[in-house]
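S.K.: For reference, each letter of the sequence shown is one residue, going 2 to 136 in our numbering.
Note that CB positions come from ideal geometry on N, CA and C, so glycine has one too.
Take a look at the following structure, please.
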Amino acid sequence: MLTGLLFLAMVVVALMAYVRLSPLDTARWHRPVEATSDEEHAGGAVRIVAGDEALFRQIAAAALRLPRTTVLAGSVEAGHVTYVTRSVFFGFPDLTTIERRDGEVRMHARLRFGVSDLGVNAKRLEGLIAAVEGG
Numbered sequence: 002m003l004t005g006l007l008f009l010a011m012v013v014v015a016l017m018a019y020v021r022l023s024p025l026d027t028a029r030w031h032r033p034v035e036a037t038s039d040e041e042h043a044g045g046a047v048r049i050v051a052g053d054e055a056l057f058r059q060i061a062a063a064a065l066r067l068p069r070t071t072v073l074a075g076s077v078e079a080g081h082v083t084y085v086t087r088s089v090f091f092g093f094p095d096l097t098t099i100e101r102r103d104g105e106v107r108m109h110a111r112l113r114f115g116v117s118d119l120g121v122n123a124k125r126l127e128g129l130i131a132a133v134e135g136g
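And the structure:
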């Protein structure tokens with residue numbers, strides 16, 4: 002029994018290491034937001050709001066203030082940036098791309114592993130919008 006528990010613990014540690022240390026392919030994740038309207042799917046969500054560069058900068062700053070969030074690629078100056086936000090315990094990465102295009106701020110948040118994010122990414126985008134609207 003002790004051997005089984007030890008084996009299980011080793012498997013969990015190995016999976017945690019894989020989730021935290023596996024590389025994120027910038028070319029795959031740092032892409033333009035192609036959606037033209039709000040949408041939700043099992044692994045993420047898209048939100049599009051009318052806005053200028055100032056709104057884009059506010060949303061980008063709010064995204065960077067989220068806990069456990071770092072920049073994967075891009076920059077605010079380029080008008081296109083992708084962030085990685087990791088879950089607390091396992092460190093699962095979710096990716097959020099924010100871009101300024103055609104008088105809009107387009108945001109796409111999605112998971113890296115799994116098939117369903119249980120609405121976490123949609124809530125994150127709604128939170129970013131609320132943060133800049135003062136709500």
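Counting only the same chain and skipping the five closest in sequence on each side, list residues whose C-beta sits under 7 Å from that of S76.
M.R.: As a first step, residue 76 is located in the sequence shown; it is residue number 75 there, counting from the start. Excluding positions up to five away in sequence, the list reads V82.
S.K.: Quick one: what's S158 bridged to in DSSP?
M.R.: Because the chain in this structure spans residues 2 to 136, residue 158 falls outside the shown range and cannot be described.
S.K.: Applying the 10 Å Cβ sphere with the 16-neighbour rule, what's the burial state of D26?
M.R.: As a first step, residue 26 is located in the sequence shown; it is residue number 25 there, counting from the start. Under this definition D26 is an exposed residue.
S.K.: Which of the three DSSP states, helix, strand or coil, is assigned to G128?
M.R.: In the sequence shown, residue 128 corresponds to position 127, counting from 1. Note: G128 maps to helix in three-state DSSP.
S.K.: If you check the beta carbons only, do L67 and V85 fall under 8 Å apart?
M.R.: Stepping through the sequence shown from its first residue, residue 67 is reached at position 66. Stepping through the sequence shown from its first residue, residue 85 is reached at position 84. No, these two residues do not count as a Cβ contact at 8 Å.
S.K.: State the beta-bridge partners of H81 as determined by DSSP.
M.R.: The residue given as residue 81 occupies position 80 in the sequence shown. Its beta-bridge partners are S76 and E100.
S.K.: With which residues is L112 paired in a DSSP beta bridge?
M.R.: What you label residue 112 is simply residue 111 of the sequence shown in a count that begins at 1. Looking at the DSSP assignment, L112 forms a beta bridge with D95.
S.K.: Can you list, in chain order, the residues of its chain with a C-beta nearer than 8 Å to that of T37? Leave out the 5 residues immediately preceding and following it.
M.R.: Residue mapping note: residue 37 aligns to position 36 of the sequence shown, counting from 1. Correct list, in chain order: I49.
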